[in-house]
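Below, the structure is given as structure tokens:
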């Protein structure tokens, strides 16, 4: 009896202990889960704080992380070719340790175009506006979203980001031509790439001397690749655009063929001037509007005119600069302002250039400031001995773009004795001491640098970095011719740049007079927009092609109906195209082809 009671007590004790252990285990498990949850919350709070170091825009870190896990990365791109492609991403990430962009795959990821391995031939897109340069290619690695559990917690960038490469941020010409202009118009393509967007430069350069100009594109501080490394191991951009438009570039630098204007220039002076106007506003620079009269009614010709001369302090010097300034001031009875990128701020220089009648400078990056010149101004570019101006023409190409309305002239030093070369300088400043004696002698005896590829041709570098004693009489002759062209421009009326529309209601009638004689009577109505325009000259172009033949007969007519009989055969089918032409060079589209049977 006692044994049985004792056994019962033991069973109850064991049961109680078991329950107690179970409760304690449950409490410990709950505690560990609470600690784990608290740790997660603390980590998310920490990552949120890291995000806020990048941007002041608020972000729900937990929701962003959940979206990345569930939806992965999404990509939609424009264009079929990598050279013209810009891609929009949701949740594109960048691994700072591996220096790689990462596309995370989930069941809901989007990748358009889905190129497979073709996106490595050679790349998904170009990161800069310099076309198809192998140092500017963009691609990404791919991982499943499940891999996120093994990676560092991501830092999210909630800003709309614009990611591209600057090509050469130390050179002011490259800054404008390759970066600022393309970025400015890329931002016009997408409504959310506005002044609240964040620019991210991934080429790996430091800020460079012109970083303040990049800041003008957005209200937010641009980020460099080195900045991303400071914020974490995995940076994820919630919405980003990668790549930059090439539509505004007009020059190629000779990587594949000798440098020169692009074969297919898509930008005009109108777009360049819209850009320069916007940047003048951003730099708080005001200038007199380019019109016949200013707000006070004063004639533009009565405003004070002046010349700007660029001075270089280290290389490619004008050795008689002071004498040249005096000669120009005396010849044209104008003030001459000497400016230098090394000594003055860029806005100060642009303020002077934006009102100048003439800009004179040795060949060099500083001539990109000519895009701020007023309409009708003159650009005179000076070239050292043995340098052919026709072979190095980025600024001539800019000045002569339709709608820039600038007058470009060049002067070339033809006297070897007026040049001072520097063979003992480093090679990148024209030194040739590292070359064999025979090659040095050949270069020093050359009279003109032949066409070449970029970027280390020693003869080109030797000649382009020469200092020059300018032959003032010959230069003044060029300047006088330039001023004459400027005066004639100011007196001329601007020509229309509007193209004609399609001719309307084109039709044909036929008649046969004999077995070997027939007529085509073609008529049409004027383009719809012509009745709203004042056009100096209107003509019509007609093409007539016999069915089955490869050649056609072209005609230029002034009337909008005509009877054709020459070379028109009876019982024959002809195809006819008609279009309008304004002022000999503004072509309209062809109307739908007419099929005429005689």
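In the numbering used here, the protein residues as written are 3 to 600.
Each residue gets a CB set at the ideal place from its N, CA and C atoms; glycine is no exception.
These numbers come from a predicted model, not from an experiment.
State the Cα-Cα distance for the pair residue i and residue j, rounded to the nearest angstrom.
| i | j | result |
| --- | --- | --- |
| residue 448 | residue 425 | 14 Å |
| residue 318 | residue 491 | 32 Å |
| residue 343 | residue 591 | 47 Å |
| residue 216 | residue 275 | 18 Å |
| residue 89 | residue 131 | 14 Å |
| residue 91 | residue 527 | 49 Å |
| residue 196 | residue 95 | 22 Å |
| residue 485 | residue 386 | 23 Å |
| residue 346 | residue 79 | 42 Å |
| residue 586 | residue 271 | 20 Å |
| residue 561 | residue 541 | 7 Å |
| residue 121 | residue 348 | 41 Å |
| residue 2 | residue 574 | The requested residue 2 is not part of the displayed model; the chain covers only 3 to 600. |
| residue 339 | residue 315 | 16 Å |
| residue 536 | residue 499 | 11 Å |
| residue 427 | residue 325 | 27 Å |
| residue 544 | residue 558 | 6 Å |
| residue 438 | residue 454 | 20 Å |
| residue 101 | residue 309 | 49 Å |
| residue 504 | residue 534 | 14 Å |
Can you tell me which of the options puts its alpha carbon nearest to the alpha carbon of residue i?
| i | options | result |
| --- | --- | --- |
| residue 103 | 206, 63 and 236 | 236 |
| residue 306 | 335, 288 and 127 | 335 |
| residue 507 | 525, 287, 499 and 513 | 525 |
| residue 509 | 428, 503, 596 and 442 | 596 |
| residue 69 | 198, 119, 118 and 239 | 239 |
| residue 368 | 484, 177, 261 and 203 | 177 |
| residue 350 | 390, 288, 126 and 389 | 288 |
| residue 412 | 117, 159, 396 and 438 | 396 |
| residue 388 | 468, 145 and 486 | 468 |
| residue 523 | 580, 149, 151 and 498 | 580 |
| residue 246 | 180, 567 and 371 | 180 |
| residue 365 | 391, 340 and 373 | 391 |
| residue 148 | 75, 71 and 331 | 71 |
| residue 554 | 175, 150 and 578 | 578 |
| residue 151 | 331, 115 and 67 | 67 |
| residue 481 | 379, 404, 228 and 256 | 379 |
| residue 568 | 514, 534 and 529 | 514 |
| residue 241 | 211, 415, 159 and 190 | 159 |
List the whole-angstrom C-beta distance separating residue i from residue j, where the pair is believed to meet the contact cut-off of C-beta under 8 Å.
| i | j | result |
| --- | --- | --- |
| residue 571 | residue 520 | 6 Å |
| residue 284 | residue 218 | 4 Å |
| residue 59 | residue 194 | Actually they are not in contact, since the Cβ atoms of residue 59 and residue 194 sit about 13 Å apart, beyond 8 Å. |
| residue 410 | residue 401 | 4 Å |
| residue 532 | residue 556 | That pair is no contact at about 21 Å. |
| residue 477 | residue 322 | Their Cβ separation, rounded to whole angstroms, is 10 Å, which puts residue 477 and residue 322 out of contact at 8 Å. |
| residue 156 | residue 107 | Their Cβ separation, rounded to whole angstroms, is 16 Å, which puts residue 156 and residue 107 out of contact at 8 Å. |
| residue 138 | residue 456 | Going by Cβ atoms, the distance from residue 138 to residue 456 rounds to 14 Å, so no, they are not a contact pair. |
| residue 473 | residue 420 | 6 Å |
| residue 126 | residue 140 | 6 Å |
| residue 312 | residue 363 | 4 Å |
| residue 93 | residue 73 | 7 Å |
| residue 164 | residue 110 | At roughly 25 Å, the Cβ-Cβ gap does not stay under 8 Å, so residue 164 and residue 110 are not in contact. |
If you drop the 5 nearest sequence neighbours on each side, which residues of the same chain put their C-beta closer than 7 Å to that of residue i?
| i | result |
| --- | --- |
| residue 445 | 434, 460, 461 and 464 |
| residue 97 | 104, 235 and 236 |
| residue 441 | none |
| residue 511 | 523 |
| residue 329 | 474 and 478 |
| residue 327 | 311, 338 and 340 |
Going along the chain, which residues of its own chain have a beta-carbon closer than 6 Å to the beta-carbon of residue i, five neighbours each way excluded?
| i | result |
| --- | --- |
| residue 208 | none |
| residue 589 | 583 |
| residue 173 | 367 |
| residue 77 | 89, 91 and 113 |
| residue 22 | none |
| residue 430 | none |
| residue 384 | 364 and 413 |
| residue 175 | 367 and 370 |
Under 8 Å Cβ to Cβ from residue i, same chain only, skipping five residues before and after it: list those, please.
| i | result |
| --- | --- |
| residue 375 | 355, 356, 358, 361, 381 and 408 |
| residue 594 | 508 |
| residue 198 | 161, 162, 220, 221 and 222 |
| residue 282 | 288, 289, 352, 356 and 374 |
| residue 224 | 200, 201, 202, 203, 213, 216 and 217 |
For the ligand ZN, any of its heavy atoms closer than 7 Å to the Cβ of residue i?
| i | result |
| --- | --- |
| residue 126 | By its list of ligands, the structure shown contains no ligand whatsoever, and the ligand ZN lies outside what it can speak to. |
Problem set entry | Cβ pair count under 8 Å reaching 3, the region 251 to 263 against the region 230 to 243 | Contact fails: fewer than three Cβ-Cβ distances are below 8 Å.
Problem set entry | Three or more C-beta pairs below 8 Å linking the region 181 to 191 and the region 259 to 268 | Too few Cβ pairs lie closer than 8 Å, so no.
Problem set entry | Inter-stretch contact (C-beta, 8 Å, three-pair minimum) for the region 166 to 174 and the region 126 to 144 | The answer is yes - the region 126 to 144 touches the region 166 to 174, with three or more Cβ pairs under 8 Å.
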